[in-house]
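Inspection log for the structure reproduced underneath, given as structure tokens.
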Amino acid sequence: MLMIPQVSQGLLGGNDLIGWILQIAFLGFFVIFMFYGQRFQLSIMLREVEKHLRRLKFIRDEGRKLTMETIKEIGKSQEDPTERVDQFLEYIAITPQSMDPSGIVWKLEHLLDVRDVRFKDEVKLMAPEADEVQLNNLENTLEAAMALNIIYKVIRHFYILGKKTLSLYIIMQLQMVLPLIMREAEAFASALKAFATGQPIGDGAGALVAAKLMHGHKTRKIAKDIVVATVPLEGRIAHVLKSEGPGGNVGKPGDGIRKIIKETKGKIATIVMVDAALKLEGEKPGEVAEGLGAAIGGPGVEQFKIEESVLKHKIPVNAVIIKEDIGDAVSPMRKEIFDAADTAIQRIKRLILERTKKGDAVIIAGIGNTIGIGQ
Amino acid sequence: MTEKTKSSTKTVSSFFLIIILVTLVLSVSALFYAVDAYSRNQTLNAGYFMLIGLIGLSLSAYMLLQTKRKPSRAAFEMPQVITTILCQKCGFKNVRDFQRGDYIFKETESCPKCNEKMMIASIYREVKEKEK
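So the sequence lines, in the order shown, correspond to chains A and B. Okay, so the first sequence: first residue is 232 according to the numbering used here, each after it adds one. Okay, so the second sequence: first residue is 3 according to the numbering used here, each after it adds one.
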């Protein structure tokens, strides 16, 4: 204790040594930050990206593990599907050339058809004991695992590129979009779980509406993975169609609508399309809204076909949408969305009453993935 | 960050821990000197030591917090999904957890009240507002 005053005097003696040290340190900091400030910023951003990348890797690996477990459990394959699954996760599809856009829709449709057949064949080889419904669910599970793999690899690519080039702009862009990408990855992780167990997902809201309308009526297959039922509704004849459940399917509603129009020789008073749509932040999930146009997502092939068919016969197309966010769309269906199906049915009935006459024929198309929803 | 990156189980290096420990010891001694200087009416010295001690303490606390990384979720959390089975005839309702193979409009077991076939009327998950 006797040393303390000497120490403090040595440090702070009459020359105010601490003051000098602080001034030099301040100047040092100033100079260092002037020259290396960007480097510091870069390393902070890189650490942030690295943290998210670690999480993405975890999600990707868990997704792969869950997919593998589900395939082994359902498929009961004699051989280990690991290698085949890993190869599947790296599968690519090259989009058609669009320099001459004429006819690109049909090229894209052909590519999607071939992809679908190829995926189904692959899944059959991985899980020979799986039935049709399970095959569809497994295909969806694998697609979600594939999406997670791609997200991880793309983010890793830009991370490594940014680190190699020390480019602030690459890292900055990556850091800025990462919160949105993480949301998407978490959504795909939820989807993967739902697909693996066959639970209905938020995207199936449209299919649920159609299923509720056609339940108890005779259905027939009208297009690839699409069923239709003729249902009397408010004094009108409603051709209600949806993708064939309960396996994970979206089908080809465009072909279904086109065939119904052809069968009825274009005598359709109106078409009502019901689908789940992305809500804006601040809107409540399960809100129902009405509008015009073909309510259908995907690569655009089905929307194109519907628009072509209705244009030929000048049939008005109405849209009823059930709002939800990206996370809800691919995770197990929320109660609010399930309940919104009844509200949507009321809106469809009102729309038909107001826009058509008694005895008219209408088409009601429930769009979306019908996983976990029968008919 | 490559494939070899260790996930949540990454351990803190002993060198880093020693640095934290040294900073902590020095900061505590600085605070001790501050108290001593104050008792000798050397308020300026006491102020300097107090400043150094507090900065050191907060730095070591920050470094300690940084080492305590949040563990990743051990596995995919499965949300609770409810299946409601309804008897169309008597309205008997059975609510249970979702089981693989369940789907909406699937005919299930017979109703314990009227022996009529029951049907899955709904499958959904309930989300508490805090989760969102």
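The beta carbon of each residue, even a glycine, is placed where N, CA and C say it ideally should be.
- For Asn549 (chain A), the uninterrupted beta strand (DSSP E) run begins and ends at Val548 to Glu555, by DSSP.
- When the alpha-carbon of Glu512 (chain A) is set against those of A:Val481, A:Gly497, A:Glu538 and A:Ile557, the nearest one is in A:Ile557.
- Burial check for Ala324 (chain A): the Cβ neighbour count within 10 Å stays below 16, so the residue is exposed.
- Rounded to the nearest angstrom, the Cβ distance from Val551 (chain A) to Val541 (chain A) is 16 Å, too far for a contact under 8 Å.
- For Arg489 (chain A), the enclosing alpha helix (DSSP H) stretches over residues Pro484 to Glu494.
- Within the stretch 279-353 of chain A, the runs of alpha helix (DSSP H) at least 4 residues long that lie entirely inside it are, in chain order, 313-320.
- In the structure shown, Tyr126 (chain B) falls within a strand segment according to DSSP collapsed to helix, strand and coil.
- Within 10 angstroms of the beta-carbon of Ile57 (chain B) lie fewer than 16 other beta-carbons, which makes it exposed.
- Residue pairing by DSSP places Met120 (chain B) opposite B:Cys89 in a beta bridge.
- Between Leu423 (chain A) and Ala375 (chain A) a beta carbon distance of about 4 Å is seen, short of the 8 Å cut, so the two are scored as contacting.
- Distance from the Cα of Val354 (chain A) is smallest, within the candidate group A:Leu366, A:Tyr400, A:Lys282 and A:Gln254, for A:Leu366.
- Taking a contact to require three or more Cβ pairs closer than 8 Å, the stretch 564-578 of chain A and the stretch 112-123 of chain B do not qualify as touching.
- Counting C-beta pairs closer than 8 Å gives fewer than three between the stretch 408-417 of chain A and the stretch 432-448 of chain A, which falls short of the contact rule.
- In this structure the stretch 337-349 of chain A does not touch the stretch 268-284 of chain A; the number of beta carbon pairs closer than 8 Å is below three.
- In the DSSP assignment, Arg586 (chain A) falls within the unbroken alpha helix (DSSP H) covering Lys566 to Arg586.
- Listed along chain B is no residue with a C-beta nearer than 7 Å to that of Lys449 (chain A); the closest approach is about 14 Å.
- Inclusion of Ala39 (chain B) and Ala48 (chain B) in the CB contact set at 8 Å is warranted, their separation being smaller than that value.
- Among the residues of the stretch 533-551 of chain A, none has a Cβ less than 9 Å away from any Cβ of chain B.
- Neighbours of Arg295 (chain A) across chain B, judged by C-beta separation under 9 Å, do not exist; the nearest C-beta is about 11 Å away.
- With respect to Ala469 (chain A), Ile546 (chain A) sits apart: the two C-beta atoms are not nearer than 8 Å.
- Secondary-structure assignment with DSSP links Pro563 (chain A) through a beta bridge to A:Ile432.
- Gln606 (chain A) has a beta carbon lying within less than 8 Å of a beta carbon in chain B.
- At least 8 Å separates the beta-carbon of Val503 (chain A) from that of Val385 (chain A).
- Against chain A, the CB of Ile87 (chain B) has no partner CB under 8 Å away; the residue lies outside that interface.
- Taking a contact to require three or more Cβ pairs closer than 8 Å, the stretch 21-35 of chain B and the stretch 493-507 of chain A do not qualify as touching.
- Ranked by Cα distance from Met377 (chain A), the first of A:Ile255, A:Val316 and A:Pro431 is A:Val316.
- Residue contact with chain B for Leu439 (chain A): present (Cβ-Cβ distance below 8 Å to some residue of chain B).
- Each of A:Glu521, A:Lys543, A:Asp434 and A:Lys496 was checked against the Cα of Gly529 (chain A), and the nearest Cα belongs to A:Asp434.
- Taking all protein chains in view, the Cβ of Tyr390 (chain A) is crowded by 16 or more other Cβ atoms within 10 Å, so the residue is classified as buried.
- Ile457 (chain A) and Gln577 (chain A) have their C-alpha atoms some 24 Å from each other.
- Taking 8 Å as the cut-off between beta carbons, the residues of the stretch 87-109 of chain B near chain A are Phe100, Arg102, Gly103, Asp104, Tyr105, Ile106, Phe107 and Lys108, in sequence order.
- When DSSP states are grouped into helix, strand and coil, Pro463 (chain A) belongs to the strand group.
- By the Cβ rule, the stretch 327-335 of chain A does not count as touching the stretch 436-445 of chain A, because fewer than three pairs are nearer than 8 Å.
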